[in-house]
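Going by numbering that gives the first Met the number 0, the residue at position 337 of the sequence shown is 336; the numbering climbs one at a time, nothing skipped. From the three backbone atoms N, C-alpha and C, an ideal C-beta is built for every residue, glycine too. Structure first, then comments.
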Amino acid sequence: MAEAEILPSPANATRWPHAAILAPLFVAGLTFALCLALRLSTLGNLALWFDEAITADVVATSWPALVADRLANGHFPTYFAALKALGLGGGSEFALRLPSALFDSAAGALVALVALRLSGRIGAIAAGLLYAFYPALIQYGQEARPYALMLAFVALAITGQIGLLTARPRPGRQAVLATIGTLGAAFSIPAGIVPVALQHLALPACGFRKFAPALKRLWWRHILVTWAGIVLAAAFLLPSVVTQATKPVGLMKWQARYGYGDRAIEAFGETYGFVVPRDVDRFLAAGWNGWLAAGFLGLMLVGFLANRARPAHRMLAVTAFGTPLVFLVLGIFSASAGRYLIGMLPAAILLASAGVTALVERAGAWRLPILAGLAALFAGFALQGLDMLVSARKYDWRPVAAFLEQGGVRDTELLTDAPQAERALRHYVGEAARISYGAIDPALEPIEILWSKAAGRPLAFLLTASYQPLPDDIPEGAIVCRWPFGDQTLTMIARDLGLVPPALRGCEAES
Numbered sequence: 000m001a002e003a004e005i006l007p008s009p010a011n012a013t014r015w016p017h018a019a020i021l022a023p024l025f026v027a028g029l030t031f032a033l034c035l036a037l038r039l040s041t042l043g044n045l046a047l048w049f050d051e052a053i054t055a056d057v058v059a060t061s062w063p064a065l066v067a068d069r070l071a072n073g074h075f076p077t078y079f080a081a082l083k084a085l086g087l088g089g090g091s092e093f094a095l096r097l098p099s100a101l102f103d104s105a106a107g108a109l110v111a112l113v114a115l116r117l118s119g120r121i122g123a124i125a126a127g128l129l130y131a132f133y134p135a136l137i138q139y140g141q142e143a144r145p146y147a148l149m150l151a152f153v154a155l156a157i158t159g160q161i162g163l164l165t166a167r168p169r170p171g172r173q174a175v176l177a178t179i180g181t182l183g184a185a186f187s188i189p190a191g192i193v194p195v196a197l198q199h200l201a202l203p204a205c206g207f208r209k210f211a212p213a214l215k216r217l218w219w220r221h222i223l224v225t226w227a228g229i230v231l232a233a234a235f236l237l238p239s240v241v242t243q244a245t246k247p248v249g250l251m252k253w254q255a256r257y258g259y260g261d262r263a264i265e266a267f268g269e270t271y272g273f274v275v276p277r278d279v280d281r282f283l284a285a286g287w288n289g290w291l292a293a294g295f296l297g298l299m300l301v302g303f304l305a306n307r308a309r310p311a312h313r314m315l316a317v318t319a320f321g322t323p324l325v326f327l328v329l330g331i332f333s334a335s336a337g338r339y340l341i342g343m344l345p346a347a348i349l350l351a352s353a354g355v356t357a358l359v360e361r362a363g364a365w366r367l368p369i370l371a372g373l374a375a376l377f378a379g380f381a382l383q384g385l386d387m388l389v390s391a392r393k394y395d396w397r398p399v400a401a402f403l404e405q406g407g408v409r410d411t412e413l414l415t416d417a418p419q420a421e422r423a424l425r426h427y428v429g430e431a432a433r434i435s436y437g438a439i440d441p442a443l444e445p446i447e448i449l450w451s452k453a454a455g456r457p458l459a460f461l462l463t464a465s466y467q468p469l470p471d472d473i474p475e476g477a478i479v480c481r482w483p484f485g486d487q488t489l490t491m492i493a494r495d496l497g498l499v500p501p502a503l504r505g506c507e508a509e510s
C-alpha cells in the first residue's frame, strides 16, 4: 500500500495558500544555490587528471569519432555528447567541469525536495546540507566525468518512485519521471544500472503485492520500459566489452595491482568513509573522517528503523545498503572504485535526513544533547567538505608540462613509469612539441627497462616516481640533471652538452 507523504496542516494551508508551492521551490532553489556555490568556488583550480583528459580529447573530436571511441571503450556516449553539444570541445578546466557542477547541484535540489516530502522541514534542511558538503559529491560534482549526470538522473528516478510510493497526485507523471531517471542513470554510465536494479528489486519489500491494480500497471510499465532500454543500449557495448576482456590491460583492469581487500577499503573510504584524496587537512584534522562515517551510518540506520514500516524508506534502504554489497561481489572479478558506488548516495542522504528528523522530534528530555551532537556532526561534515574543495586529489601534471615547454624539450621520447602521464601531458604540452611516450607499468615491468633504453641514447628524458633512484651504471662523463615535481621526478641524461636544449644548459648546478 502506498504511504502518505508529509503535507501542511489544513490550518496552515488556509493561512498560506501558496505555501504548498513556494516551500518546495524555496528548498530546492536554496539547496541548488548552496551546492553550486561550493562547487564553483574551486572548479577550475585542479588540473585535469587522466580520465578528465580523456573527456577533453573525446569532446574535441568529430561526432562519429566521439561515438565510436566511447562505445569501443565500454562507455555510453551520452555525457560526452552532451558536452560536445554545448560546444565545450577545447574548453578550459572550468568550462569542461561546469556541466557536472550543474548536474550535481540539480541532484542536490531534488534530494532536498524529496526529503521535504518525506521528513518535513528538518529533513529537508539536513538533506540539503548533507548533499552540499558531502566530500564524494563535491569531488564528482567538480569532475568532467559522467558521474554527476548519473546522480542527477538517479535523484530524478527517486523523485518519481517516491512519488508513486507516497500517492502523489498525477501518478502517471510520477512514473514518467521515474522512467526518465532510471534510463538516464543507466545511459550515463554502466555503473548506474546497479542502483536502478536495486530500486526495482526493493519493490517486494515495499508491499508491491498489495498495491492497487492501476498502480501495479504503472510500475510494470516503468520497469519494462527501463529494462528494455537498458538491454537495447547494452547491445551496443557488448562487442567492445568482449574485445576488452581479451586484453591484458584496459576496461576494468586498472586495479589489477591491488588486492581485493585494498580495493574494497578504498571504495568504502571514498563514499561512506568520508576520505578526501590527498587531504591537506586544512579545516579538519586527519583521522576524524572515521567518526564522520560512523555518525552518518548511524543516522542512516536511525532513519530506516524509525520509518521501517514505510515503503519509501524500505526502497531507500535497499538501495543505500545494497549497492555496496553488490559491488563487493563485483569487486571479486572487476574494479570496485568508490566512484562506481556513488549512485547510492542520494538514497543514503535521504535515509540520514530521516534519521535527523526522528532524533530531533523524538528526543524528549535529551533534546539539547542530541541537538548539540547533531550540530557537531554536521560541522564535521562541512569541514571535511571544505577540505575536499582545497585538496589536490590527483597529481597535477601542469608544472611538468610547463617545464617541458619552457625548457624547449621537443622532438623526443619521454620514458616514464607512469602510464597515465601520456594522456595528461599530451593535453597540456600539445602536439606541436612532438613528444612521444614510452611507458611501462611498474606493477608488471621493472624500472630497469627504462634505464636500459636511456643508456643507449645520446640524450634521454625520463619521468619516474620520485622514490626511484638513479642507476649505478650511468656512463662516465654524462650530464645528469634531475628536477623534482612532487611524486614525479624528471631526469635528463646527455652524453654531449650540445644535445641539451639551450634553456636547460647549466642544469647540473641547478638540479
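Does the count of Cβ pairs from the region 408-417 and the region 459-474 closer than 8 Å reach three?
yes
At the level of alpha carbons, what is the spacing between ALA381 and ALA232?
39 Å
Only counting the same chain, and skipping five residues up and downstream in sequence, which positions put a Cβ closer than 6 Å to that of ALA12?
Only weak support is given to the placement of ALA12: the predicted model assigns it a pLDDT of 48, under 50, and the value that follows is read from those uncertain coordinates. Excluding sequence neighbours, ALA12 sits near nothing in its chain.
On the three-state DSSP scale, how would you describe LEU283?
coil
Pairing CB atoms from the region 318-329 with CB atoms from the region 111-129, are three or more of them under 8 Å?
no
Less than 6 Å between C-beta atoms, sequence neighbours within five positions excluded: which residues of the same chain meet that for LYS393?
TRP48
Among the candidates VAL110, VAL224, ASP440, ILE478, whose CA atom is the shortest distance from the CA of ALA454?
ILE478
Got a sec? Which residues, its chain only, sit under 7 Å from LEU182 by beta carbon, not counting five neighbours each side?
So the list reads THR225, GLY228, once near-sequence residues are dropped.
Best match in ALA201, PRO194, CYS480, SER61 for proximity to LEU87 [C-alpha to C-alpha]:
SER61
Under three-state DSSP, which class holds THR41?
coil
Given ALA346, which residues of its chain have a CB within under 6 Å of its CB, disregarding the five upstream and five downstream residues?
LEU315, THR318, ALA319
Candidates ALA36, LEU367, LEU358, PHE402: closest to ALA502 by CA position
PHE402
Evaluate contact between the region 98-112 and the region 135-151, counting only Cβ atoms and requiring at least three cross-stretch pairs below 8 Å.
yes
Start and end residues, alpha helix (DSSP H) containing ILE137:
134-139
State yes or no: is the C-beta of LEU388 within less than 9 Å of the C-beta of ILE137?
yes
Which residues mark the beginning and the end of the alpha helix (DSSP H) in which TYR146 is found?
Unbroken alpha helix (DSSP H) run through TYR146: 146-164.
Can you give the Cα-Cα distance for ALA147 and PHE186, rounded to whole angstroms?
13 Å
Who are the Cβ neighbours of VAL359 in its own chain at under 8 Å, not counting the five residues just before and after it?
Hits under 8 Å: ILE121, ARG366, ILE369, LEU370, LEU373.
Can you tell me which of LEU65, ILE439, GLN419, ARG69 puts its alpha carbon nearest to the alpha carbon of LEU236?
ARG69
9 Å Cβ cutoff, LEU462 in contact with chain D:
Among the chains in the structure shown there is no chain D, since it carries only a single protein chain.
Is the beta carbon of PRO98 less than 9 Å from the beta carbon of LEU85?
yes
Skipping 5 residues on each side, what residues in its chain have a beta carbon closer than 7 Å to that of TRP287?
GLY379
With respect to the alpha helix (DSSP H) encompassing ALA143, which residues constitute its N-terminal and C-terminal limits?
No alpha helix (DSSP H) contains ALA143, which DSSP labels as neither H nor E.
Can you give me the Cβ contacts of PHE93 inside the same chain, cut-off strictly under 6 Å, excluding the 5 residues immediately before and after it?
LEU42, GLY43
Hey, how far is the Cα of TRP482 from the Cα of ILE124?
Their Cα atoms are separated by approximately 50 Å.
When DSSP labels each residue in this structure, what does SER390 get in the three-state scheme?
coil
With a floor of 4 residues, list each alpha helix (DSSP H) that falls wholly inside the region 399-464, ordered by position along the chain.
With a minimum length of 4 residues, the continuous alpha helix (DSSP H) runs that stay inside the region 399-464 are 420-428, 447-454.
Would you give the residue range spanned by the beta strand (DSSP E) that TRP290 belongs to?
TRP290 -> not in any beta strand (DSSP E); alpha helix (DSSP H) instead, spanning 288-305.
For PRO483, which three-state DSSP category applies?
strand
By DSSP, does ILE229 sit in helix, in strand, or in coil?
helix
Reduced DSSP secondary structure (H/G/I, E/B, other) of ALA55:
helix
Looking at ALA190: is its Cβ nearer than 9 Å to the Cβ of LEU340?
Contact: yes.
Go through its chain and collect everything with a Cβ distance to VAL499's Cβ below 6 Å, but skip five positions before and after it.
ALA493
Find out if the Cβ-Cβ distance for the pair ALA71, THR242 is shorter than 9 Å.
yes
How would you write the range of the alpha helix (DSSP H) that MET314 sits in, first residue to last?
310-329
In the DSSP assignment, find the alpha helix (DSSP H) that holds LEU498 and state where it starts and stops.
Taken as a continuous stretch (DSSP letters only), LEU498 belongs to no alpha helix (DSSP H), as it is neither H nor E.
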